[in-house]
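Working notes for the structure below.
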Amino acid sequence: MTNAILLDKKDNVATCTSAVAASNKIKILGGEEIICVEDIPIWHKVALKKIAKGEKIFKYGEIIGEAAADIAAGAWVSHKNIFSVPRDYSSEMI
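My numbering applies: residue 2 is where the sequence shown begins, and numbers increase by one.
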């Protein structure tokens, strides 16, 4: 059963479409699978690969933040381990 969606091929996180308990398999729409390393609530993000502290977080093919700490593949990506980074939206729209 698919229980996560990848919104853009550039993304390094997927969105869980159901709550997933640690050690369960997450099957991402399109076929990729990853083992969940901690409980993740419904509609929250899961790291698809190891994300190093300082690395950008991509969702929707866009930067949504930066890792405040190392994030393991299969870990919950939330306000506890990422932070917002300023962006110049006006220059991105050119």
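Just so you know, even glycine gets a beta-carbon here, dropped at the ideal spot from N, CA and C.
All values reported here derive from a predicted model rather than from experimental measurement.
The beta strand (DSSP E) runs lying completely inside the stretch 32 to 78 and spanning 3 residues or more are 34 to 36, 46 to 48, 57 to 60 and 63 to 68, given in chain order.
Taking the Cβ atoms as the reference, V21 lies roughly 17 Å from K60, outside the contact range of under 8 Å. Around the CB of A76, 16 or more other CB atoms lie within 10 Å, so the residue is classed as buried. K28: member of the beta strand (DSSP E) spanning K26 to K28, first to last residue. A residue is called buried once 16 or more other Cβ atoms fall within 10 Å of its Cβ, and V86, having fewer, is exposed.
Around G55, the same chain offers E67 and A68 as residues with beta carbons nearer than 8 Å, after the five sequence neighbours per side are excluded. Between L49 and A74, the beta carbon gap of about 7 Å places them in contact (Cβ cut-off 8 Å). The C-beta of A5 has 16 or more other C-beta atoms within 10 Å across all chains shown, which makes the residue buried.
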